[in-house]
Amino acid sequence: MLKSNKMSFGNKLLFSIIGTTLIVFSLTIFFVTKYSYEATQTSAQQYIQELSNSYASKVQGEVNLSVKLLKALKTKFQEAINHDTILNKKEVIAMLSTILEDNSQLIGIWWGMKDKTLLFEPRDIAENSPKSWYTEDNEFSPYITRGEGGKVILQSSSTYNEENAWVKGPKESGKLFITKPYLYPVNGKDVLMSTVAIPLYKNGTYVGVMGIDISLDTFVKMSSSKKVYDTGYTFLLDYYGMVLGHPNKDYLGKKILDFSKNDKDFTKIVNDSKKGLDYSFIKESLDTDIKSYYYAKPFEIGSTGKFWTFVVLAPVEEYLSLANYIRDFSIVGSLFGILIIALVIYVSIRKLKINLDLISSGLSSFFKYLNKEDKDTKEIALFSDDEFGKMAKDINSNIEKIKVGIEEDNKLINNVKTIVNRVSDGYLDKKIDASTSNDSLNELKNLLNDMLSNLEELIGKDLNKISDILAKYTQRDFTAKLEIETSGKIGKELIEMNRMMTSMLQDNQEDGLSLQKSSNELTSNVQTLSSNATSQAASLEQTAASIDEITSNIESTSQKAQEMLSISNETKTSANQGKELATNTVQSMDEINETVMTINEAITVIDQIAFQTNILSLNAAVEAATAGEAGKGFAVVAQEVRNLASRSAEAAKEIKDLVENATARANNGKSISSKMIEGFNQLEEKIAKTNSLIDDVSNAAKEQSIGMTQIADAMGQLDQFTQENASIADKTNGIARHTNSIANDVVNNVNKNKFEGKEL
Numbered sequence: 017m018l019k020s021n022k023m024s025f026g027n028k029l030l031f032s033i034i035g036t037t038l039i040v041f042s043l044t045i046f047f048v049t050k051y052s053y054e055a056t057q058t059s060a061q062q063y064i065q066e067l068s069n070s071y072a073s074k075v076q077g078e079v080n081l082s083v084k085l086l087k088a089l090k091t092k093f094q095e096a097i098n099h100d101t102i103l104n105k106k107e108v109i110a111m112l113s114t115i116l117e118d119n120s121q122l123i124g125i126w127w128g129m130k131d132k133t134l135l136f137e138p139r140d141i142a143e144n145s146p147k148s149w150y151t152e153d154n155e156f157s158p159y160i161t162r163g164e165g166g167k168v169i170l171q172s173s174s175t176y177n178e179e180n181a182w183v184k185g186p187k188e189s190g191k192l193f194i195t196k197p198y199l200y201p202v203n204g205k206d207v208l209m210s211t212v213a214i215p216l217y218k219n220g221t222y223v224g225v226m227g228i229d230i231s232l233d234t235f236v237k238m239s240s241s242k243k244v245y246d247t248g249y250t251f252l253l254d255y256y257g258m259v260l261g262h263p264n265k266d267y268l269g270k271k272i273l274d275f276s277k278n279d280k281d282f283t284k285i286v287n288d289s290k291k292g293l294d295y296s297f298i299k300e301s302l303d304t305d306i307k308s309y310y311y312a313k314p315f316e317i318g319s320t321g322k323f324w325t326f327v328v329l330a331p332v333e334e335y336l337s338l339a340n341y342i343r344d345f346s347i348v349g350s351l352f353g354i355l356i357i358a359l360v361i362y363v364s365i366r367k368l369k370i371n372l373d374l375i376s377s378g379l380s381s382f383f384k385y386l387n388k389e390d391k392d393t394k395e396i397a398l399f400s401d402d403e404f405g406k407m408a409k410d411i412n413s414n415i416e417k418i419k420v421g422i423e424e425d426n427k428l429i430n431n432v433k434t435i436v437n438r439v440s441d442g443y444l445d446k447k448i449d450a451s452t453s454n455d456s457l458n459e460l461k462n463l464l465n466d467m468l469s470n471l472e473e474l475i476g477k478d479l480n481k482i483s484d485i486l487a488k489y490t491q492r493d494f495t496a497k498l499e500i501e502t503s504g505k506i507g508k509e510l511i512e513m514n515r516m517m518t519s520m521l522q523d524n525q526e527d528g529l530s531l532q533k534s535s536n537e538l539t540s541n542v543q544t545l546s547s548n549a550t551s552q553a554a555s556l557e558q559t560a561a562s563i564d565e566i567t568s569n570i571e572s573t574s575q576k577a578q579e580m581l582s583i584s585n586e587t588k589t590s591a592n593q594g595k596e597l598a599t600n601t602v603q604s605m606d607e608i609n610e611t612v613m614t615i616n617e618a619i620t621v622i623d624q625i626a627f628q629t630n631i632l633s634l635n636a637a638v639e640a641a642t643a644g645e646a647g648k649g650f651a652v653v654a655q656e657v658r659n660l661a662s663r664s665a666e667a668a669k670e671i672k673d674l675v676e677n678a679t680a681r682a683n684n685g686k687s688i689s690s691k692m693i694e695g696f697n698q699l700e701e702k703i704a705k706t707n708s709l710i711d712d713v714s715n716a717a718k719e720q721s722i723g724m725t726q727i728a729d730a731m732g733q734l735d736q737f738t739q740e741n742a743s744i745a746d747k748t749n750g751i752a753r754h755t756n757s758i759a760n761d762v763v764n765n766v767n768k769n770k771f772e773g774k775e776l
């Protein structure tokens, strides 16, 4: 704060404007950058989501096209099965070959039947057909696939095996099924593929399966060719989180959770995709460690209920590059603008400072002149036509007027000083003659002249004579007098005052002598009255002490009666509590009796059950004996049951005895509690009578205490009156003495004065 106060106005203004400009530009940059980042990020993420949706739709379209082809083939095969039609082998091969040629996404078409003769004739040895048309057990089930150059070829298929995933899956699900990606040899080369298969039925019974193999190379190429911004890319996951397409071939055929170390976001991609839910997040890329935005778009494969997921990854810095450019451009532009504004403000403030310094210098010179530090003032040397020039001209004009007025004022003040000095010497015969343009000072001059005229009229032209007379009066000499002809109004009043003082002193001398005589007689009478009042006060004090002792005894009796009443009430409360507890005890005893009766009923039931069990065990023993060797084990069990029944009966009897004993004791307790209640009722009556007697004693003590208090009050008032009389006598005695002293002083003081008619 101190530093800021020492700064010049120009510097303060410069820093204030630049500071404000800097804040405004900074806020502008902040909000522009913030909103551009938000808008760019929102736009980029929408673009990425649309891109992911587009790619996902494209992949889904290609896969679903294959699914539609499979369903169409299934319709033809299913119709033949339903009508027990035998298909022509060459026609089927030609049809499937044409489909494979027309659909580049397919790598193979196949089928497998539990019954080899269901759709096709068994292999005829005389038939001149290639070996590749048949499996090892001579079933017509060729694998129609592609060879080198994409040419359609037939390859021997594996024997029908329900343990294969592409057979087991559709059989168990009963619907369209897609397998996990797997490697399968095609034309002597392992190919990464996924199989879509569908079950075949006859009269509702599963009879076989047919399917198509989709090469995943198409998706690998798609992921490799799709660039998102500069370094972003896409990849494809299957239902189980396995990578089907990725620019990095090391990831192909592997689960993403394995090489992401079960990262929570990738785990959520896999889990949400199974539900068909989109998911997005931002984190470092697994390949480049660059902070990237991930968006996962799942899509269903046909009607399998299985979802594949297309994931788009875009580096944050790349899709925010435009926002970064806007931010950098805003910062540079703002800095350039601030520099230009600062330069313009600096030049303007420098010119402003020069003008202000000239005006400040002129005003400083004028103030020194006003404070009489300098004898003259300098003119402000600023002659421009702007506001500062006009201001300087007005200031110079006013300074000149003030200077002339100050010189006139000084002349008037010097004249006033001369007149005041004569007045201080006691002479009132001169007046103020000088004048000025200052109306206030002229008014003051006129007031002073009027005051001098009034003073002259009141006390004359010479104060020294009055001063001499007053000096003699202060010395108690009232024999000196003014001449009435040369005195003003005050002089004449002093002459009259002298006459009155002389008369007053004469009267005071006479009255003082008379008062002196009377005060001596009063002093003697007051001393007698004071002695009698003191004796009476002593007697009253003794009587009051006796009354206080009696009152104390009565109050003690009343207090003890109150304590007895309090103790009696507490006893009554305790008796009521005891009565309530006894009543609660009786209720508890009744509840115990009810519970005991319930227990007796339960024991009776247990005893009956034990009796019936014993009878049943006897019957069982008889049956066991009848059964001979086969019933020995059963006889042992029956004996144990009978023993348990006997022990149950004995235990029930013991419990019954205990319950009866508890009932007797509860009844005894109930009887005792009833007697306690009766005793508490009698005790309550006795306590009530005692309380009544204590109230009578307490009331009598209170009445006695009130009477003694009234007597004590009367004695107190009498004592107070006596003390007041004694005090009055003492005061009167003091007054008498003081009056005597005053009389002596009056006589002595009068004797000190000199006046006409004084008695010596």
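The opening position of the sequence shown corresponds to residue 17 in our numbering, with each subsequent residue numbered one higher.
Virtual Cβ for every residue (Gly too), placed ideally from N, Cα, C.
task: Could I get the ranges of all uninterrupted beta strand (DSSP E) runs contained in the stretch 42 to 127, with 3 residues as the minimum, in chain order?
output: Scanning the stretch 42 to 127 from its first residue to its last, no whole beta strand (DSSP E) run of 3-plus residues comes out.
- prompt: Of the residues Tyr217, Trp182, Leu199, which one's Cα is nearest the Cα of Ile97?
  reply: With distances taken between Cα atoms, Ile97 lies closest to Tyr217.
task: Assign Met516 to one of two classes, buried (16 or more other C-beta atoms within 10 Å of its C-beta) or exposed (fewer than that).
output: Met516 is exposed by the Cβ-count criterion.
message: Taking the alpha carbon of Glu639 as the reference point, which residue from Gln655, Thr37, Gln628 has its own alpha carbon closest?
response: When only C-alpha atoms are compared, the closest one is Gln655.
- prompt: If you compare alpha carbons, which of Glu579, Lys406, Asn412, Glu459 is closest to Val432?
  reply: Distance check between Val432 and each of Glu579, Lys406, Asn412, Glu459 places Glu459 closest, using alpha-carbon atoms only.
- prompt: Quick one: what does DSSP say Glu579 is sitting in, helix, strand or coil?
  reply: If DSSP states are grouped into helix, strand and coil, Glu579 belongs with the helices.
task: Go through its chain and collect everything with a Cβ distance to Phe382's Cβ below 6 angstroms, but skip five positions before and after it.
output: Only Thr393, Ile415 meet the Cβ criterion.
task: Starting from Trp182, trace the beta strand (DSSP E) both ways and give me its first and last residue.
output: Taken as a continuous stretch (DSSP letters only), Trp182 belongs to no beta strand (DSSP E), being part of the alpha helix (DSSP H) at 181 to 189.
query: Does the distance from the CB of Asn514 to the CB of Phe494 come in under 8 angstroms?
result: A Cβ-Cβ contact shorter than 8 angstroms links Asn514 with Phe494.
- prompt: Thinking just about the alpha-carbon of each residue, which of Pro146, Ile354, Ser757 is nearest to the one in Thr44?
  reply: Of the candidates Pro146, Ile354, Ser757, the one whose C-alpha sits nearest the C-alpha of Thr44 is Ile354.
query: Which of helix, strand or coil does DSSP assign to Leu260?
result: DSSP places Leu260 in strand when its eight states are reduced to three.
query: Within 10 angstroms of its Cβ, does His790 collect 16 or more other Cβ (buried), or is it exposed?
result: Examination of residue 790 is not possible in this model, given that the chain is present from 17 through 776 alone.
field: Distance between Tyr309 and Gln62 (C-alpha atoms, nearest Å)
entry: So the alpha carbons of these two residues sit roughly 11 angstroms apart.
message: Once the 5 residues before and after Gly507 are set aside, which same chain residues still bring their CB inside 7 angstroms of it?
response: Taking Gly507 as the centre and dropping the five residues before and after it, the same chain places the C-beta of Ile475, Gly476, Ile482, Leu498 closer than 7 angstroms to its C-beta, in chain order.
field: Buried or exposed (CB count within 10 angstroms, at least 16 for buried), Ser289
entry: Classification of Ser289: buried, given that the 10 Å Cβ count is 16 or more.
- request: Can you tell me which of the three DSSP states Lys595 falls into?
  value: Residue state for Lys595 is assigned as helix, using DSSP reduced to three classes.
query: Would you report the Cα separation of Trp127 and Gly227, rounded to the nearest angstrom?
result: It is roughly 6 angstroms from the alpha-carbon of Trp127 to the alpha-carbon of Gly227.
task: Please confirm if the stretch 71 to 91 is in contact with the stretch 202 to 214, defined as three or more CB-CB distances below 8 angstroms between the two stretches.
output: Contact between the stretch 71 to 91 and the stretch 202 to 214 is present, because at least three Cβ pairs lie under 8 angstroms.
message: Please list the terminal residues of the continuous alpha helix (DSSP H) segment that includes Leu273.
response: Residues 272 to 275.
message: Assuming Val168 and Val225 are in contact, meaning their beta carbons sit under 8 angstroms apart, how far apart are those beta carbons, in whole angstroms?
response: In fact, because the Cβ distance is near 22 angstroms, the residues do not count as touching under 8 angstroms.
- prompt: Would you say the stretch 201 to 210 touches the stretch 144 to 155, given that touching needs at least three Cβ pairs under 8 angstroms?
  reply: With the cut-off at 8 angstroms, the stretch 201 to 210 and the stretch 144 to 155 do not touch.
query: By how many angstroms is the C-alpha of Tyr198 removed from the C-alpha of Gln121?
result: For the pair Gln121 and Tyr198, the Cα-to-Cα distance works out to about 16 angstroms.
Assumed close pair Val602, Ser690 - CB separation to whole angstroms, cut-off 8 angstroms: Confirmed, about 6 angstroms.
- prompt: With burial defined as no fewer than 16 other Cβ atoms inside 10 Å of the residue's Cβ, what is the status of Leu232: buried or exposed?
  reply: So Leu232 ends up on the buried side.
message: In this structure, how does DSSP classify Ser296 when only helix, strand and coil are distinguished?
response: If DSSP states are grouped into helix, strand and coil, Ser296 belongs with the strands.
task: Put Gly35 into one of helix, strand or coil per three-state DSSP.
output: In this structure, Gly35 counts as helix in the three-state DSSP scheme.
message: Suppose you measure from the CA of Asp711 to the CA of Leu581; what does that come to, to the nearest Å?
response: If you take the alpha carbons of Asp711 and Leu581, they lie about 7 angstroms apart.
- prompt: Quick check: the stretch 240 to 253 against the stretch 63 to 74, are there 3 or more CB pairs under 8 angstroms?
  reply: Verdict: yes, contact present.
- prompt: Between the Cα of Val40 and the Cα atoms of Ser530, Leu351, Glu700, Asn683, which residue gives the shortest distance?
  reply: It is Leu351 whose Cα lies nearest to the Cα of Val40.
query: Using the rule of at least 16 other Cβ atoms within 10 Å of the residue's Cβ for burial, across every protein chain shown, is Asp761 buried or exposed?
result: Under this definition Asp761 is an exposed residue.
message: Output needed for Phe275: all residues of its chain with C-beta closer than 8 angstroms, excluding positions within five of it in sequence on either side, in chain order.
response: If we look at Phe275 and ignore the five residues flanking it on each side, its Cβ neighbours are Tyr267, Leu302.
message: Can you find the residues in the same chain that come closer than 6 angstroms, C-beta to C-beta, to Ser319, ignoring five residues on each side of it along the sequence?
response: Within the same chain, Leu192 come within 6 angstroms of Ser319 by CB-CB distance, once the 5 residues on both sides are set aside.
- request: In angstroms with no decimal places, state the Cα-to-Cα distance between Phe315 and Glu178.
  value: The C-alpha of Phe315 lies about 29 angstroms from the C-alpha of Glu178.
task: Look at Ser777 and Glu423 and say whether their C-beta atoms are less than 8 angstroms apart.
output: No statement about residue 777 is possible, as the shown extent of the chain runs from 17 to 776 and does not include it.
- request: Just grab the DSSP bridge partners of Phe383 for me.
  value: Note: Phe383 sits in no beta bridge, so no partner.
message: Could you tell me the alpha carbon to alpha carbon distance between Ala636 and Asn630, rounded to whole angstroms?
response: The straight-line gap from Cα to Cα measures roughly 10 angstroms.
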